[in-house]
Amino acid sequence: MSMLMSLCFSSGNRIDVLTLCNTLLSGLVAITGGCDVIDPPAALAIGVIASLVYQGVSAICVRYELDDVVDAFAVHGANGLWGLIAIGLFHRSEGLFMGGGIDLLGKQLVGALAIGSFSFVITFFTAVMLNKLNWLRVSPEIEVNGLDSEFGLMAYVTKSQSLRRCDAVARLVAQKGYTEMDVLESLRKLRGIVYRPFTPQAADFKLEDALHSTLPNTELRAVR
């Protein structure tokens with residue numbers, strides 16, 4: 001199931017090792033709390049749902065740019081909550097789906113609320129103290145790449161790459177002593193030369209001449 005989920009949610013029709021490991025771990029997290037009171041068929045269903053929970057929460061974090069290192073919340077937080085609720089649904093004698101009524105599910109939901117409230121309060125006050133000590137925020141460079149850059153990964157792959165390119169261009173322009181308006185004016189002049197469809201060779205010569213006259217003594221570098 002983890003391999004199937006990895007193939008479905010990764011690009012290029014190939015197995016994403018990180019997704020594979022996290023879906024396996026998500027199933028483990030979800031079943032751990034109730035492993036002694038849940039039968040194997042129900043445990044299988046819980047594991048399958050856990051992989052979907054992981055993918056959904058991970059996608060939400062990326063969508064709203066919540067930099068979750070190695071998808072820790074998607075794996076442990078979201079699926080810990082799902083495992084807590086699953087006991088009220090799949091308990092072999094008291095679960096809602098096993099004919100045991102809603103009583104246990106209600107207790108599990110109250111427990112989830114209590115655990116969430118306790119965790120929120122402790123985390124909130126800890127974060128406030130760390131923020132006052134200036135220990136909470138990371139550098140702008142790390143924010144651009146994402147905290148996962150410590151492990152050779154990027155939190156927001158497409159946006160991180162674009163921001164890195166923009167940052168490299170901005171540094172190059174600043175090193176050469178140009179302003180943003182200088183660059184915009186140069187681009188306007190080049191645009192007028194490039195958009196001349198009936199004289200491609202003449203446009204090439206004019207473009208080369210414009211580059212030398214508009215950006216003197218500037219090295220053209222490819223930003224990779």
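Counting from 1, position 128 in the sequence shown corresponds to residue 128 in the UniProt record's numbering; the numbering is continuous, with no gaps.
Even glycine gets a Cβ: it sits at the ideal position worked out from N, Cα and C.
Close beta carbons around residue i, own chain, < 6 Å, minus the five adjacent residues each side
i	result
residue 198	Note that residue 198 has pLDDT 47, beneath the 50 cutoff, so the model's placement of it is unreliable and the number below is only indicative. Counting only Cβ-Cβ distances below 6 Å, and skipping sequence neighbours, we find nothing.
residue 53	78, 79, 82
Beta carbon of residue i nearer than 8 Å to that of residue j
i	j	result
residue 29	residue 148	no
residue 106	residue 31	no
residue 122	residue 86	no
residue 88	residue 80	no
residue 92	residue 37	yes
residue 146	residue 39	no
Boundaries (first-last residue) of the alpha helix (DSSP H) holding residue i
i	result
residue 37	First-last for residue 37: undefined, no H or E at that position.
residue 139	Careful: residue 139 lies outside any alpha helix (DSSP H) and carries neither H nor E.
residue 179	No alpha helix (DSSP H) contains residue 179, which DSSP labels as neither H nor E.
residue 102	Here residue 102 belongs to no alpha helix (DSSP H), and DSSP marks it neither H nor E.
residue 29	17-32
residue 147	Element bounds for residue 147: n/a, residue is neither H nor E.
residue 81	78-90
Cutoff 8 Å; reference residue i; Cβ partners in own chain excluding five residues on either side
i	result
residue 134	none
residue 35	43
residue 97	42, 89, 90
residue 183	173
Counted within 10 angstroms of its Cβ, other Cβ atoms place residue i as buried (16 or more) or exposed
i	result
residue 116	exposed
residue 64	exposed
residue 99	exposed
residue 51	buried
residue 136	exposed
residue 219	Confidence is the limiting factor: at residue 219 the pLDDT is only 44, short of 50, which leaves the residue's position unreliable and the question unanswerable from this model.
residue 104	buried
residue 179	exposed
residue 26	buried
residue 19	buried
Cβ-heavy atom distance, residue i to the ligand GDP, below 7 Å
i	result
residue 32	As presented, the structure is devoid of all ligands, the ligand GDP included, so that no description of it is given.
Are there three or more Cβ pairs, one per stretch, closer than 8 Å when the segment 49-60 is compared with the segment 74-94? Counting Cβ pairs under 8 Å, three or more are found: they touch.
Three Cβ pairs or more, each shorter than 8 Å: is that satisfied between the segment 127-142 and the segment 95-111? Counting Cβ pairs under 8 Å, fewer than three are found: no touch.
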